[in-house]
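Q: Below you'll find the structure I mean.
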Amino acid sequence: MEPVTSVEGRAIPFGAKNVDTDVIIPAAWLKTISREGLGEGAFETIRAQDGNVFDDPEYAGAPILIAGDNFGCGSSREHAAWALLDMGVKVVIAPSFSDIFAGNAFKNGILTVALPQKQIDRLMEVAESDPVTVDLETQTVTTPFQDRFTFEVDPFRKHCLSEGLDEVGLTLERDAVITDYEQRAQADMPWLANKKTQSEGKAA
Amino acid sequence: MASRPLTLYEKIWNAHVVETRDDGTALIFIDRHLVHEVTSPQAFEALRLAGRTVRRPDLTLAVPDHNLPTTPRLDAAGKKIPIADPQSAAQLEALEANAPSFGIRYIDATAAEQGIVHVVGPEQGFSLPGTTIVCGDSHTAAHGGVGALAFGVGTSEVEHVLATQTLLLKRSKTMEVAVTGELGPGVTSKDLILHIIGIVGTAGGTGHVIEYRGDVFKKMSVESRLTVCNMSIEAGARAGLIAPDETTFAYLKNRPLSPTGDNWDKAVAYWSSLKTDPGATFDKVVQIDAADVEPTVTWGTSPEDVVPIGGSVPSPSSFADPSKQSAAQKSLDYMGLTPGQNMTDVDVQNIFIGSCTNSRIEDLRAAADILRGKRKAENVKWAIVVPGSGLVKQMAEEEGLDKIFIDAGLEWREPGCSACLGMNPDKVPPGERCASTSNRNFVGRQGPGARTHLMSPAMAAAAAITGKLTDVRELVK
Numbered sequence: 006m007e008p009v010t011s012v013e014g015r016a017i018p019f020g021a022k023n024v025d026t027d028v029i030i031p032a033a034w035l036k037t038i039s040r041e042g043l044g045e046g047a048f049e050t051i052r053a054q055d056g057n058v059f060d061d062p063e064y065a066g067a068p069i070l071i072a073g074d075n076f077g078c079g080s081s082r083e084h085a086a087w088a089l090l091d092m093g094v095k096v097v098i099a100p101s102f103s104d105i106f107a108g109n110a111f112k113n114g115i116l117t118v119a120l121p122q123k124q125i126d127r128l129m130e131v132a133e134s135d136p137v138t139v140d141l142e143t144q145t146v147t148t149p150f151q152d153r154f155t156f157e158v159d160p161f162r163k164h165c166l167s168e169g170l171d172e173v174g175l176t177l178e179r180d181a182v183i184t185d186y187e188q189r190a191q192a193d194m195p196w197l198a199n200k201k202t203q204s205e206g207k208a209a
Numbered sequence: 019m020a021s022r023p024l025t026l027y028e029k030i031w032n033a034h035v036v037e038t039r040d041d042g043t044a045l046i047f048i049d050r051h052l053v054h055e056v057t058s059p060q061a062f063e064a065l066r067l068a069g070r071t072v073r074r075p076d077l078t079l080a081v082p083d084h085n086l087p088t089t090p091r092l093d094a095a096g097k098k099i100p101i102a103d104p105q106s107a108a109q110l111e112a113l114e115a116n117a118p119s120f121g122i123r124y125i126d127a128t129a130a131e132q133g134i135v136h137v138v139g140p141e142q143g144f145s146l147p148g149t150t151i152v153c154g155d156s157h158t159a160a161h162g163g164v165g166a167l168a169f170g171v172g173t174s175e176v177e178h179v180l181a182t183q184t185l186l187l188k189r190s191k192t193m194e195v196a197v198t199g200e201l202g203p204g205v206t207s208k209d210l211i212l213h214i215i216g217i218v219g220t221a222g223g224t225g226h227v228i229e230y231r232g233d234v235f236k237k238m239s240v241e242s243r244l245t246v247c248n249m250s251i252e253a254g255a256r257a258g259l260i261a262p263d264e265t266t267f268a269y270l271k272n273r274p275l276s277p278t279g280d281n282w283d284k285a286v287a288y289w290s291s292l293k294t295d296p297g298a299t300f301d302k303v304v305q306i307d308a309a310d311v312e313p314t315v316t317w318g319t320s321p322e323d324v325v326p327i328g329g330s331v332p333s334p335s336s337f338a339d340p341s342k343q344s345a346a347q348k349s350l351d352y353m354g355l356t357p358g359q360n361m362t363d364v365d366v367q368n369i370f371i372g373s374c375t376n377s378r379i380e381d382l383r384a385a386a387d388i389l390r391g392k393r394k395a396e397n398v399k400w401a402i403v404v405p406g407s408g409l410v411k412q413m414a415e416e417e418g419l420d421k422i423f424i425d426a427g428l429e430w431r432e433p434g435c436s437a438c439l440g441m442n443p444d445k446v447p448p449g450e451r452c453a454s455t456s457n458r459n460f461v462g463r464q465g466p467g468a469r470t471h472l473m474s475p476a477m478a479a480a481a482a483i484t485g486k487l488t489d490v491r492e493l494v495k
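Order-wise, the sequence lines are chains X and P.
Numbered according to the numbering used here, the first sequence spans residues 6 to 209.
Numbered according to the numbering used here, the second sequence spans residues 19 to 495.
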């Protein structure tokens with residue numbers, strides 16, 4: 006995963022609230038067995054409308070997306086994060102995010118920045134003509150006009166994002182404590198080990 | 019020292035902490051992992067590339083559902099009928115190959131046990147009270163209906179669970195949805211959850227796990243509880259819970275993968291302790307009076323856009339929030355509705371009875387009760403009934419429900435996700451309306467330009483008969 010440090014560039018002033026993952030990437034695009042190429046289907050229903058912000062040449066390749074409340078609600082499809090990445094989006098700024106989307110974004114090295122609506126409104130204004138800078142180290146969003154907004158980020162996520170760490174690899178290093186847990190669980194809740202499925206699985 | 023009273027969520031969480039980190043996150047053990055064809059191929063690919071294995075194949079169950087056409091799967095000679103769409107076929111083949119190569123139990127598309135993951139889990143006794151259950155699908159929340167902490171995950175988390183059987187999580191906040199009183203005649207669990215989402219809003223439960231509490235839920239069948247918990251995600255909550263009780267235990271006893279013998283007794287003793295302690299507090303409480311719940315339908319393009327069937331299409335100006343006003347206007351434009359229009363004057367051309375929300379035997383019985391001896395309206399062009407699993411299908415056929423549907427002019431299909439999500443051949447044509455028992459009325463969800471009205475199976479059956487949105491209570495008078 007590519008480390009995220011500082012992202013500077015144009016920000017797509019989308020602004021819509023309750024953007025669900027069916028809007029970010031419609032289900033017809035989920036038939037892929039790869040993570041790549043989904044940018045083409047991103048925001049397909051919105052792109053079908055004339056004068057939409059995503060097809061405005063001004064924002065071609067923009068690394069930042071600004072949206073409204075509850076961004077990424079609905080389906081858990083990680084294809085939404087892959088589609089954004091494939092479009093070139095590295096940061097999404099919104100007042101709030103759905104829990105599942107925020108997790109998916111993080112796991113793909115997309116930084117989700119939550120800011121109050123008032124600051125979002127200001128960034129939407131700036132984005133019309135000028136670039137925006139998002140810096141993970143200082144946890145700030147800045148503009149060429151002296152705007153400086155700070156945001157919260159979970160320390161673990163910050164560490165992983167800035168180092169580009171693979172979470173699966175990190176957890177695999179905890180093998181011993183997981184094994185301890187499994188032994189405790191086997192003693193306390195012996196009905197949980199699913200021997201029947203295991204033997205059937207191996208026979209397959 | 020007496021311990022602090024705990025909520026059901028906290029009890030299940032505490033029982034699954036592998037280790038807690040300094041930053042407050044915890045490594046949580048996952049007891050059950052359901053895998054389907056759409057959100058797993060990239061996870062298996064990543065494992066393969068990194069040379070990793072599945073830690074606990076015995077805790078993992080794979081079944082295709084999303085992509086699978088609901089037309090017959092075997093020809094007259096018993097041979098598999100190929101899937102026309104090459105991309106769908108490739109995705110299904112990937113699961114069929116990945117499952118055995120990683121030692122995971124796989125239910126084939128042609129097996130009687132096949133079905134929608136969230137129907138299969140409880141039906142097989144794979145989903146058990148007090149377990150942690152994940153699946154790469156947001157409607158995993160459904161399994162909260164058996165008292166499991168169940169939630170949807172993305173593909174990277176699918177990979178993480180396959181490799182480590184754990185997830186790194188932050189403890190959620192808790193929300194109590196307390197329902198007092200009783201549901202009126204003709205009012206179902208689907209009406210109740212739509213009503214709740216209307217009140218909580220689609221973001222109201224974000225960051226929370228909901229526990230549904232009150233006599234209404236105690237009296238509900240497990241099927242109805244699964245319907246309620248299923249749509250927790252539509253209120254923004256990743257998981258919803260209903261405490262397990264005798265009804266749950268009776269439902270699970272003798273299921274193929276349920277514990278047996280001594281283990282069953284031990285399990286029931288433990289499961290009986292899984293309830294929120296008196297005096298435990300929730301971060302958020304929502305009070306609902308069941309008497310306020312009417313048969314409910316959606317008018318807009320968000321599951322929170324609900325209205326009682328006797329109501330009318332709201333005016334955008336009736337919303338206080340200016341952004342909700344503009345969202346409502348957009349929804350009405352998309353839905354082709356006018357403010358003030360009676361919901362019962364809205365014509366429908368399509369009927370979909372199915373999905374992980376409403377495709378269990380109880381749902382099919384409720385729809386069949388309304389359709390028995392009746393015929394669908396002329397203006398209803400496409401009407402399908404899609405059982406949640408092959409076993410539900412068998413049971414329905416033994417009860418003769420398939421004949422009732424077919425005689426009424428509805429199609430009786432093979433199990434799968436079908437027209438809930440517009441990724442398999444079952445789609446609603448652009449500009450047309452669908453009375454649907456599914457869970458999402460998003461723009462384009464049932465196909466590009468499709469207009470979805472969410473409702474209960476009985477209400478969808480009523481709409482099939484009259485050709486418009488209808489108060490089912492009028493038909494059973």
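All C-beta atoms, glycine included, are put in the ideal place defined by N, C-alpha and C.
Is there a Cβ of chain P sitting closer than 9 Å to that of Lys-22 (chain X), yes or no?
A: By 1-based counting over the first sequence, the position of residue 22 (chain X) is 17. Taking Cβ atoms only, chain P reaches closer than 9 Å to Lys-22 (chain X), which makes this a yes.
Q: Quick one: grab the DSSP three-state call for Met-413 (chain P).
A: If you number the second sequence from 1, residue 413 (chain P) lands on position 395. Residue state, collapsed to three classes: helix.
Q: Classify Ser-58 (chain P): buried if its beta carbon has 16 or more other beta carbons within 10 angstroms, exposed otherwise.
A: In the second sequence, counting from the first residue as 1, residue 58 (chain P) sits at position 40. Classification of Ser-58 (chain P): buried, given that the 10 Å Cβ count is 16 or more.
Q: Mind listing which residues of the stretch 29-42 of chain X have their C-beta closer than 8 Å to chain P's C-betas, in chain order?
A: Under the 8 Å Cβ criterion, the stretch 29-42 of chain X contributes Pro-31, Ala-32, Ala-33, Leu-35, Lys-36, Thr-37, Ile-38, Ser-39, Arg-40.
Q: Hey, does Trp-282 (chain P) have any beta-carbon neighbour from chain X nearer than 9 Å?
A: As a working mapping, residue 282 (chain P) is identified with position 264 in the second sequence. Yes - at least one Cβ of chain X is within 9 Å of the one on Trp-282 (chain P).
Q: Residues of the stretch 76-93 of chain X with a CB closer than 9 Å to any CB of chain P: list them in chain order, please.
A: Residues passing the 9 Å Cβ filter: Cys-78, Gly-79, Ser-80, Ser-81, Arg-82, Glu-83, His-84, Ala-85, Ala-86, Trp-87.
Q: Taking any Cβ of chain P, which residues in the stretch 107-121 of chain X have a Cβ under 8 Å from it, in chain order?
A: Here the close residues are Gly-108, Asn-109, Lys-112, Asn-113.
Q: With a 10 Å radius around its C-beta and 16 neighbouring C-beta atoms as the bar for buried, classify Lys-36 (chain X) as buried or exposed.
A: Indexing the first sequence from 1 puts residue 36 (chain X) at position 31. The residue in question, Lys-36 (chain X), is buried, as its Cβ has 16 or more Cβ neighbours within 10 Å.
Q: Residues in its own chain within less than 8 Å of Ala-67 (chain X) by CB, not counting five upstream and five downstream?
A: Taking the first sequence and counting its residues from 1, the one referred to as residue 67 (chain X) is at position 62. Excluding sequence neighbours, Ala-67 (chain X) sits near Gly-14, Arg-15, Ala-16, Ile-17, Gly-93, Val-94.
Q: Under 8 Å Cβ-Cβ, which residues of chain X neighbour Gly-225 (chain P)?
A: Taking the second sequence and counting its residues from 1, one reaches residue 225 (chain P) at position 207. Asp-104, listed in chain order.
Q: Compare the Cα-Cα distances from Val-218 (chain P) to each of P:Ile-306, P:Asp-263, P:Ser-341 and report the closest residue.
A: The residue given as residue 218 (chain P) occupies position 200 in the second sequence. Checking every option, the nearest Cα to that of Val-218 (chain P) belongs to P:Ile-306.
Q: Mind listing the chain P neighbours of Ile-183 (chain X)? Cutoff is C-beta to C-beta under 8 Å, in chain order.
A: The residue labelled residue 183 (chain X) in the question sits at position 178 within the first sequence. The answer, in chain order, is Val-36, Leu-45, Phe-47, Arg-73, Thr-182, Gln-183, Thr-184.
Q: Identify every run of the beta strand (DSSP E) within the stretch 312-345 of chain P, keeping only runs that are complete inside it and at least 3 residues long; order them along the chain.
A: Entirely contained in the stretch 312-345 of chain P, the beta strand (DSSP E) runs reaching 3 residues are, in chain order, 314-316, 324-326.
Q: For Lys-293 (chain P), I'd like the list of residues in its chain whose CB is within less than 7 Å of its CB, leaving aside the five on either flank, ordered along the chain.
A: Counting from 1 along the second sequence, the entry for residue 293 (chain P) is found at position 275. Same-chain partners within the cutoff: Leu-26, Ala-261.
Q: Below 7 Å CB to CB, which residues in the same chain sit around Ala-74 (chain P) once its five sequence neighbours on both sides are set aside?
A: The count along the second sequence starts at 1 and reaches residue 74 (chain P) at position 56. For the record, residue 74 (chain P) in the displayed sequence is Arg; it is not Ala. So the qualifying residues of the chain are Gln-183.
Q: Does the beta-carbon distance from Val-366 (chain P) to Asn-397 (chain P) come in below 9 Å?
A: Counting from 1 along the second sequence, the entry for residue 366 (chain P) is found at position 348. Counting from 1 along the second sequence, the entry for residue 397 (chain P) is found at position 379. A contact, by the Cβ cut-off of 9 Å.
Q: State the DSSP-derived secondary structure class of Ser-11 (chain X), mapped to helix, strand or coil.
A: Residue 11 (chain X) sits at position 6 when you count from the first residue of the first sequence. Ser-11 (chain X): strand per DSSP, three-state reduction.
Q: When you compare the CB of Glu-13 (chain X) with every CB in chain P, is at least one pair closer than 9 Å?
A: Sequence index remark: in the first sequence, residue 13 (chain X) carries index 8 (1-based). So, not an interface residue.
Q: Using 9 Å as the limit for Cβ to Cβ distance, is Leu-275 (chain P) near chain X?
A: On the second sequence, residue 275 (chain P) is found 257 positions in, with the first residue counted as 1. At least one chain X Cβ lies under 9 Å of Leu-275 (chain P).
Q: Report the rounded CA-to-CA distance for Ala-129 (chain P) versus Gly-408 (chain P), giving the unit in angstroms.
A: For this step, residue 129 (chain P) is matched to residue 111 along the second sequence. For this step, residue 408 (chain P) is matched to residue 390 along the second sequence. Going by the C-alpha atoms only, they are around 7 Å apart.
Q: Can you find the residues in the same chain that come closer than 6 Å, C-beta to C-beta, to Thr-316 (chain P), ignoring five residues on each side of it along the sequence?
A: Numbered from its first residue, the second sequence carries residue 316 (chain P) at position 298. For Thr-316 (chain P), where only same-chain residues beyond five positions count, the Cβ hits under 6 Å are Asp-323, Val-324, Asn-459, His-471, Leu-472.
Q: With a threshold of 9 Å between beta carbons, is Ala-7 (chain P) in contact with chain X?
A: Outside the modelled stretch of chain P, which goes from 19 to 495, sits residue 7 (chain P), for which no answer is possible.
Q: Does the beta-carbon of Gly-169 (chain X) have 16 or more other beta-carbons within 10 angstroms, so that it is buried, or is it exposed?
A: Indexing the first sequence from 1 puts residue 169 (chain X) at position 164. Gly-169 (chain X) should be labelled exposed.
Q: In chain order, what residues of the same chain have a beta carbon less than 8 Å from the beta carbon of Trp-282 (chain P), not counting five sequence neighbours either side?
A: For the purposes of this step, residue 282 (chain P) is identified with residue 264 of the second sequence, where counting begins at 1. These residues qualify, in order along the chain: Lys-271, Ser-276.
Q: Let me see if you follow: with CB-CB separation under 9 Å, is Val-8 (chain X) close to chain P or not?
A: Looking up residue 8 (chain X) in the first sequence gives position 3. In the sequence on display, residue 8 (chain X) carries Pro and not Val. It does not: the Cβ of Pro-8 (chain X) has no partner Cβ on chain P nearer than 9 Å.
Q: Please check if any C-beta of chain X sits within less than 9 Å of the C-beta of Ile-251 (chain P).
A: Numbered from its first residue, the second sequence carries residue 251 (chain P) at position 233. Yes, Ile-251 (chain P) lies at the interface with chain X (some Cβ there is under 9 Å from its Cβ).
Q: How big is the Cα-Cα spacing for Gly-258 (chain P) and Asp-76 (chain P)?
A: Your numbering for residue 258 (chain P) matches position 240 in the second sequence. Your numbering for residue 76 (chain P) matches position 58 in the second sequence. Cα-Cα distance, rounded: 25 Å.
Q: How would you call Val-191 (chain X), buried or exposed, if buried means at least 16 neighbouring beta carbons within 10 angstroms?
A: The count along the first sequence starts at 1 and reaches residue 191 (chain X) at position 186. The amino acid at residue 191 (chain X) is misidentified as Val; the sequence shows Gln. Result: exposed.
Q: Taking the alpha carbon of Lys-43 (chain P) as the point to measure from, which residue in P:Leu-185, P:Thr-265, P:Pro-203, P:Gly-222 has its own alpha carbon closest?
A: Within the second sequence, numbered from 1, the residue matching residue 43 (chain P) stands at position 25. The displayed chain sequence assigns Thr, not Lys, to residue 43 (chain P). Closest option to Thr-43 (chain P), Cα to Cα, is P:Leu-185.
Q: Is there at least one Cβ from chain X nearer than 9 Å to Pro-447 (chain P)'s Cβ?
A: Your numbering for residue 447 (chain P) matches position 429 in the second sequence. Answer no: the Cβ-Cβ gap between Pro-447 (chain P) and chain X never drops below 9 Å.
Q: Which partner residues of Ser-436 (chain P) appear in the DSSP bridge assignment?
A: Residue mapping note: residue 436 (chain P) aligns to position 418 of the second sequence, counting from 1. Ser-436 (chain P) pairs with nothing; no bridge assigned.
Q: Label Asn-32 (chain P) either buried or exposed according to how many other C-beta atoms from any shown protein chain fall within 10 Å of its C-beta, with 16 as the threshold for buried.
A: Translated into the one-based positions of the second sequence, residue 32 (chain P) becomes position 14. Exposed, because fewer than 16 other Cβ atoms sit within 10 Å of the Cβ of Asn-32 (chain P).
Q: For the pair the stretch 327-340 of chain P and the stretch 354-364 of chain P, tell me if three or more CB-CB distances fall below 8 Å.
A: Because the criterion of three Cβ pairs below 8 Å is met, the stretch 327-340 of chain P and the stretch 354-364 of chain P touch.
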